[in-house]
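Protein chains in written order, with the numbering used here: chain R, 63 to 510; chain A, 8 to 332.
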């Protein structure tokens, strides 16, 4: 029996074109770009100057405040400049640019580059969290929440369960799927390390039913164990959302923000994050690379690539056979929540899970019609909101009513808009309303 | 370096749902009932349905083109659905000019006055039907007997089971032996409006609507359930005065109304809880009119009255929020 979350969600075609393609390693780039803000929280502070030589794995920017994350160089070379580069959002953000010195790569000496799996970990919980902080690890599912912050929950929250997110519900993306298949031993050790860090007795690995091979593999690895379990989940978007996953696995509902999963005794980590934790704790390997899926219906060679952070997206696309002829949108992330990038010069960051190219046909929005009040958006909303009403609040500028109707708990998953038979841009309106309501709430809080 | 050509916010994929698809599903779900109607009422059913659909589509086109001055919305098929549903709520011997008048009211007053698809507070087909019921009471309350394949306006008419139900309560001499048999009521060989007679065909339509996810179960189940509960309770209280509940469930517009008319997207509530309240309201009002009103059938009025409550229901009843369950 497969489980799923209780309310809303949509069944959307998954387009997992690259699910059988083994992870390939992309060569390191000649020029690597490291935006100082690749995570939620304060930007990292550069600790190198223009002209400094760096090795692979050298710390180049330190996360100084609690809510921040350090950044390490993924190439061996010279700091060329510290300047503004284009970000995923299309805005210019400060970044460190490093020019690679060529073929002979020199790595930081303490990094263990062997392929051996080290299962023993003698470190204490504090030491584990320290290593994770020093390695600059953030949630690799896309939200980029600093992992070391998650691992030290507020004092009044007792964590009893760890949930590993292997759902990957975004269409096209297969990076987590391949990682689960190809690095299962490392992921199992990573889960043990996280269990130790959090001092929990039980961990669940949630996998959707469209990844049968992964379910079978982990069922075998975990067979006979009571402290770690695979939870087979029904394929339904947005199950990879933290709140939906907790509901699906444990039936617990996280209250509205500012409540965190920790308030219901749970910490959720993505499988890619678990792998990064293993690398950091057991191998001293900081977060300098990640697996990225490059896909699209017309893409010549949809693939999963192990990419050094800082690599321009254009190099990934080239590896996948270039931009197909009638591509209209190149997405950073999946098609449900990803962003259109305006240039392929932007670099892979910690939050890059996939690059998806959509054709003109897929990209064009169809003409908007009157709302026929079919209630499909209400049915699809996984947060139990009424998207039609929230969109109407935007047009009427009725911010108070929007707040009353719970707009701030919208997770922007896009279920409403993708299911609207009248092709109404519901989420556009909801986002607009959310920004207005959020600004008003912040203003009121400041006055207090 | 290639530049992206289209920039928009997520989500970037659509599930290919559309209003046309929903309307097509409704039309497909109406096919079984239509087939039964043609078998029972012959050429009359064909003429009335054809005239009603043609008139509704024509008025929609004329109204959009010359009154609303906007692109015609006939391609969304909603006018076709209105036309079919209006015809299904008429006896098969209605004269052509009366159907055209009814269609003009349904599309004109029922729909376009409020701005067209999505804006009408009342079910357009029922607005047309009630207009005809008040304007042409004689024609609208006499129903051709089943089995007259070539008869149209000259068909021999008879009473529906609801007439007997009323007769029992109000004590005017009806011969209960003339009541149609239950198996005839399931298959539809009894007098009645074109689309309402066959319970089997209508339930098959419900299955199609549910399977294609065009509608949810909430409205039909709550309407039919309410009628079943009330009529069963009354039957157990006094079986001499109140008829076997099966007759209430299989006769009149109950099934057609609860499956196809009350579930009209625009004029029904937006939340599941609201839908159940709306359905119970329709069920109760239908029973009140059937038992105590002056008309033998109350489905149309019950739906229209509850349509008027929909804005209130939507204001007061909200969906269960994720964090509050």
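Backbone N, C-alpha and C fix where the C-beta goes; we use that ideal spot for every residue, glycine too.
(1) Do residue 223 of chain R and residue 293 of chain R have their C-beta atoms closer together than 9 Å?
(2) Going by DSSP, which residues form a beta bridge with residue 299 of chain R?
(3) Does residue 122 of chain A come within less than 9 Å of chain R when only Cβ atoms are used?
(4) Just mark residue 193 of chain R as buried or exposed, buried being the case when its beta carbon has 16 or more other beta carbons within 10 Å.
(5) Enumerate, from N- to C-terminal direction, the unbroken alpha helix (DSSP H) stretches of 4 or more residues contained entirely within the region 195 to 234 of chain R.
(6) Tell me the residue span of the alpha helix (DSSP H) that contains residue 290 of chain A.
(7) Would you mind working out which of A:282, A:14, A:63, A:217 sits nearest residue 134 of chain A, comparing C-alpha positions?
(8) Return the bridge partner residues of residue 150 of chain A from the DSSP annotation.
(9) Within the 9 Å Cβ cut-off, does residue 426 of chain R reach chain A?
(10) Nearest CA to the CA of residue 190 of chain A: which residue from A:206, A:226, A:328?
(11) Is it true that the CB of residue 226 of chain R sits closer than 9 Å to the CB of residue 268 of chain R?
(12) Quick one: using the 10 Å Cβ neighbour count with 16 as the cut-off for buried, is residue 429 of chain R buried or exposed?
(13) Just how far apart, CA to CA, sit residue 97 of chain R and residue 156 of chain R?
(14) Exposed or buried, what is residue 289 of chain R when buried is set at 16 or more other beta-carbons lying within 10 Å of its beta-carbon?
(15) Just to make sure I have the definition right: I need the residues of chain R whose C-beta is within less than 7 Å of the C-beta of residue 177 of chain A. Which are they?
(16) Which same chain residues, not among the five before or five after residue 8 of chain A, have their C-beta less than 6 Å away from its C-beta?
(17) Output needed for residue 74 of chain R: all residues of its chain with C-beta closer than 8 Å, excluding positions within five of it in sequence on either side, in chain order.
(18) Check for me: the alpha helix (DSSP H) holding residue 252 of chain A runs from which residue to which?
(19) Could you give the DSSP three-state label for residue 314 of chain A: helix, strand or coil?
(20) Indicate whether at least one CB of chain R lies closer than 9 Å to the CB of residue 91 of chain A.
(21) Hey, residue 261 of chain R and residue 16 of chain A are a contact pair by Cβ (cut 8 Å); roughly how many whole angstroms apart?
(22) Kindly confirm or deny that the region 305 to 312 of chain R and the region 160 to 169 of chain R touch, where touching means at least three C-beta pairs closer than 8 Å.
(23) Answer yes or no: does any C-beta atom of chain A fall closer than 9 Å to that of residue 470 of chain R?
(24) For the structure I just gave you, are there three or more beta carbon pairs, one from the region 312 to 330 of chain A and one from the region 443 to 456 of chain R, closer than 8 Å?
(25) Tell me the rounded alpha-carbon separation between residue 18 of chain A and residue 25 of chain A.
(26) Counting only beta-carbon separations shorter than 9 Å, does residue 456 of chain R have a partner in chain A?
(27) If we ignore side chains and look at the alpha-carbon of each, how far apart do residue 82 of chain A and residue 88 of chain A end up?
(28) Can you name, in chain order, every residue of its own chain whose Cβ lies under 7 Å from the Cβ of residue 148 of chain R, other than the five neighbours on each side?
(29) Quick one: Cα of residue 442 of chain R to Cα of residue 68 of chain R, how far?
(30) Please tell me whether residue 334 of chain R and residue 415 of chain R are closer than 9 Å, where the distance is taken between their beta carbons.
(31) Using a Cβ-Cβ cutoff of 8 Å, what residues of the region 429 to 456 of chain R are near chain A? List them in chain order.
(32) Would residue 108 of chain R count as contacting chain A if we go by Cβ distances under 9 Å?
(33) With H, G and I counted as helix, E and B as strand and the rest as coil, what does DSSP make of residue 399 of chain R?
(34) What first and last residue would you give for the beta strand (DSSP E) that runs through residue 431 of chain R?
(35) Are residue 317 of chain A and residue 274 of chain A close, meaning C-beta to C-beta below 9 Å?
(36) Identify the contact partners of residue 476 of chain R in chain A, using a Cβ-Cβ distance below 8 Å as the criterion.
Straight from the coordinates:
(1) no
(2) R:72
(3) yes
(4) buried
(5) 209 to 212
(6) First-last of the alpha helix (DSSP H) with residue 290 of chain A: 279 to 299.
(7) A:63
(8) A:165
(9) yes
(10) Nearest Cα to residue 190 of chain A within the set A:206, A:226, A:328: A:206.
(11) Yes, these two residues count as a Cβ contact at 9 Å.
(12) exposed
(13) 6 Å
(14) exposed
(15) Going along chain R, no residue has its Cβ under 7 Å from residue 177 of chain A, so there is no contact; the nearest lies around 39 Å.
(16) Only weak support exists for where residue 8 of chain A lies, its pLDDT of 43 falling under 50; the coordinates are left without a value.
(17) 233, 299, 398, 480
(18) 252 to 257
(19) helix
(20) no
(21) With a Cβ gap of about 41 Å, residue 261 of chain R and residue 16 of chain A do not count as contacting.
(22) no
(23) Taking a beta-carbon distance threshold of 9 Å, residue 470 of chain R does not count as an interface residue toward chain A.
(24) yes
(25) 16 Å
(26) So, not an interface residue.
(27) 12 Å
(28) 154, 405, 407, 408
(29) 11 Å
(30) yes
(31) 431, 432, 433, 434, 435, 436, 437, 438, 440, 441, 443, 444, 445, 446, 447, 448, 450, 451
(32) no
(33) Of the three classes helix, strand and coil, the one that applies to residue 399 of chain R here is coil, per DSSP.
(34) That residue, residue 431 of chain R, is in no beta strand (DSSP E); it is neither H nor E in DSSP.
(35) yes
(36) 17, 18
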